[in-house]
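All residue numbers for the sequence shown refer to my numbering, where the first residue is 20 and numbers rise by one. Quick reminder that beta carbons are idealized off the backbone N, C-alpha and C, glycines included. Computed from a predicted structure; not experimentally measured. Shown next, in structure tokens, is the structure this report addresses.
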Amino acid sequence: MTPRDYRDDPEATESLQELVRELSAQTEALPEALRQQCLAAGTAVVPALIALLEAALADDQAEPEGATFHAIDLLGALGDARAVPILLRCLVRDDLFDGLAPQAAAALHTLGPAALEGCLAAYATTTHEAFRDRLAGVMSRCGVHDERLYACLVETLQRTPELGANYLAEYGEARALDGLAHSFDTLPLRDEETPLANHDFNELRAAIEDLGGQLTAAQHQKFEAADAARRRFVAQMPWEVDPPAAPTWRTPSQSLSFAGRRPPRPAGTRKLGRNAPCWCGSGKKYKKCHLPFESR
Numbered sequence: 020m021t022p023r024d025y026r027d028d029p030e031a032t033e034s035l036q037e038l039v040r041e042l043s044a045q046t047e048a049l050p051e052a053l054r055q056q057c058l059a060a061g062t063a064v065v066p067a068l069i070a071l072l073e074a075a076l077a078d079d080q081a082e083p084e085g086a087t088f089h090a091i092d093l094l095g096a097l098g099d100a101r102a103v104p105i106l107l108r109c110l111v112r113d114d115l116f117d118g119l120a121p122q123a124a125a126a127l128h129t130l131g132p133a134a135l136e137g138c139l140a141a142y143a144t145t146t147h148e149a150f151r152d153r154l155a156g157v158m159s160r161c162g163v164h165d166e167r168l169y170a171c172l173v174e175t176l177q178r179t180p181e182l183g184a185n186y187l188a189e190y191g192e193a194r195a196l197d198g199l200a201h202s203f204d205t206l207p208l209r210d211e212e213t214p215l216a217n218h219d220f221n222e223l224r225a226a227i228e229d230l231g232g233q234l235t236a237a238q239h240q241k242f243e244a245a246d247a248a249r250r251r252f253v254a255q256m257p258w259e260v261d262p263p264a265a266p267t268w269r270t271p272s273q274s275l276s277f278a279g280r281r282p283p284r285p286a287g288t289r290k291l292g293r294n295a296p297c298w299c300g301s302g303k304k305y306k307k308c309h310l311p312f313e314s315r
């Protein structure tokens with residue numbers, strides 16, 4: 020669909036304003052026909068979408084409504100770098116329960132390379148560690164290899180090993196293997212019975228293997244110690260569906276014990292990220308465990 024030229028055309032301008040008013044009235048799912056109209060308006064609608072978001076962010080007491088989320092989605096889809104500052108303002112929000120930060124992360128990811136410079140600048144100037152982690156996550160998937168970005172991801176690994184490992188795997192840079200191995204070796208084990216107390220080691224291992232590396236014998240031993248509480252927890256669970264194939268790094272005896280039980284599939288819709296730990300407790304990433312099974 021060819022974007023309409025709204026410049027110096029009063030009738031077209033009124034049409035655009037009506038389009039934005041209709042979008043602002045949406046509280047539920049955005050009708051596809053309306054979405055296509057907004058996309059057809061092209062960059063002409065970007066300032067209006069930004070203004071809509073600015074008004075939503077200015078009211079700290081109001082819960083975000085459907086139109087706010089639709090505006091974020093459209094700004095990502097339109098691919099205009101002017102949207103980056105307002106999307107970053109959504110991304111920095113600490114109230115993750117309102118959903119704006121994850122939605123903004125998705126839109127920035129859609130913008131891809133157009134969002135990189137803004138994200139790098141925000142990363143360099145903020146002291147908000149959670150915001151830095153979110154920025155690193157967005158940049159790891161922007162499809163650009165840049166030394167400044169790589170430095171941010173390495174710093175994230177040092178600050179938040181679980182996320183940093185995940186992001187470096189997404190980035191796909193094999194030279195990160197040395198840093199991942201170093202983090203694995205130096206990260207202390209938490210002496211806790213909480214099943215995921217040492218989950219950092221699952222993410223570090225997954226990242227190392229995703230990038231083509233393997234754990235050493237000493238690292239295997241440390242991983243088994245780190246994963247012990249989770250394995251004990253899984254062994255006590257009632258199982259209701261066929262388990263996934265046992266991870267290849269388990270010994271034959273462990274594989275038999277693992278395969279002889281069935282994990283419960285939690286009720287309701289699960290919104291797991293592809294790189295999140297699988298809900299079944301296998302220790303594998305969701306994308307490498309039950310996601311293919313559930314898709315089928």
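Problem - GLY162: first and last residue of the uninterrupted alpha helix (DSSP H) it sits in - result: As a position in the sequence shown, residue 162 is number 143, starting the count at 1. Taken as a continuous stretch (DSSP letters only), GLY162 belongs to no alpha helix (DSSP H), as it is neither H nor E.
Exercise for the section: May I ask you to report which of helix, strand or coil DSSP gives VAL111? Expected result: Mapped onto the sequence shown, residue 111 falls at position 92. Coil, per DSSP.
Practice task
Report the residue from PHE88, PRO132, GLN240 and ILE227 whose alpha carbon sits nearest the alpha carbon of ALA100.
Solution key: Your numbering for residue 100 matches position 81 in the sequence shown. Of the listed residues, the one whose Cα sits closest to ALA100 is PRO132.
Exercise for the section: With a floor of 4 residues, list each alpha helix (DSSP H) that falls wholly inside the stretch 79–107, ordered by position along the chain. Expected result: 85–97
Exercise for the section: Taking all protein chains shown into account, decide if GLN233 is buried (16 or more other Cβ within 10 angstroms of its Cβ) or exposed. Expected result: The residue given as residue 233 occupies position 214 in the sequence shown. Under this definition GLN233 is an exposed residue.
Practice task
Pull up the distance between the alpha-carbon of ASP79 and that of ALA120, whole angstroms please.
Solution key: Here residue 79 is taken as the residue at index 60 of the sequence shown, counted from 1. Here residue 120 is taken as the residue at index 101 of the sequence shown, counted from 1. Roughly 15 Å between the two C-alpha positions.
Exercise for the section: Using a threshold of 8 Å, state whether the C-beta atoms of VAL39 and LEU71 are closer than that. Expected result: For the purposes of this step, residue 39 is identified with residue 20 of the sequence shown, where counting begins at 1. For the purposes of this step, residue 71 is identified with residue 52 of the sequence shown, where counting begins at 1. The answer is yes: Cβ separation under 8 Å.
Handout entry: At least three beta-carbon pairs within less than 8 Å, the stretch 187–198 to the stretch 139–153
Key = Touching, no.
Practice task
Keeping to the same chain, check which residues put their C-beta closer than 6 Å to that of ILE183; ignore five residues upstream and five downstream.
Solution key: Walking along the sequence shown from the start, residue 183 turns up at place 164. First, the residue type needs correcting, since residue 183 is Gly and not Ile in the sequence shown. Contacts found: THR175 and LEU176.
Handout entry: Between the CA atoms of VAL64 and THR32 - distance to the nearest angstrom
Key = Taking the first residue of the sequence shown as 1, we reach residue 32 at position 13. Taking the first residue of the sequence shown as 1, we reach residue 64 at position 45. One C-alpha to the other measures close to 10 Å.
Practice task
Could you have a look at ASP210 and say whether DSSP puts it in helix, strand or coil?
Solution key: As a first step, residue 210 must be located in the sequence shown, where it is residue number 191. Correct three-state label for ASP210: coil.
Practice task
Go ahead and label ASP246 buried or exposed: buried means 16 or more other beta carbons lie within 10 angstroms of its beta carbon, across all protein chains shown.
Solution key: Within the sequence shown, residue 246 is the residue found at index 227, counting from 1. Per the 10 Å Cβ criterion, buried.
Exercise for the section: Could you name the residues of the same chain whose beta carbon sits closer than 7 Å to that of ALA244, not counting the 5 residues immediately before and after it, in chain order? Expected result: Position 225 of the sequence shown, counted from the start, is the residue given in the question as residue 244. Here the set comprises LEU208.
Problem - Span separating the alpha-carbon of THR179 from that of ALA236 - result: One-based indexing of the sequence shown puts residue 179 at position 160. One-based indexing of the sequence shown puts residue 236 at position 217. Their backbone Cα atoms lie some 25 Å apart in a straight line.
Problem - Chain-order list of residues whose beta-carbon lies under 6 Å from that of VAL111 (same chain, five-residue window excluded) - result: Counting from one through the sequence shown, the residue named residue 111 turns up at place 92. The residues are PHE150.
Exercise for the section: Tell me whether the beta-carbon of THR146 lies closer than 8 Å to the beta-carbon of GLU84. Expected result: Residue 146 sits at position 127 when you count from the first residue of the sequence shown. Residue 84 sits at position 65 when you count from the first residue of the sequence shown. No. Outside cutoff.
Problem - Separation of PRO66 from LEU94, as counted between CA atoms - result: Your numbering for residue 94 matches position 75 in the sequence shown. Your numbering for residue 66 matches position 47 in the sequence shown. Those two C-alpha atoms are separated by around 10 Å.
Exercise for the section: On a CA-only basis, which of ASP210, LEU206, THR213 and GLU211 is nearest GLU222? Give me that one, please. Expected result: For the purposes of this step, residue 222 is identified with residue 203 of the sequence shown, where counting begins at 1. Taking only the C-alpha atoms, the option nearest GLU222 is LEU206.
Practice task
Could you name the residues of the same chain whose beta carbon sits closer than 8 Å to that of LEU199, not counting the 5 residues immediately before and after it, in chain order?
Solution key: The residue labelled residue 199 in the question sits at position 180 within the sequence shown. Only LEU176, ALA184, LEU187, LEU223, ALA226, ILE227, LEU230 and GLY232 meet the Cβ criterion.
Exercise for the section: Out of ARG167, GLN122 and THR129, point me to the one whose CA is closest to ALA140's CA. Expected result: For the purposes of this step, residue 140 is taken as residue 121 along the sequence shown, with counting starting at 1. For the residues ARG167, GLN122 and THR129, the minimum Cα distance to ALA140 belongs to ARG167.
Problem - Cα-Cα separation between ASP219 and ASP113, rounded to whole angstroms - result: For the purposes of this step, residue 219 is taken as the residue at position 200 of the sequence shown. For the purposes of this step, residue 113 is taken as the residue at position 94 of the sequence shown. Computed Cα separation, rounded: 23 Å.
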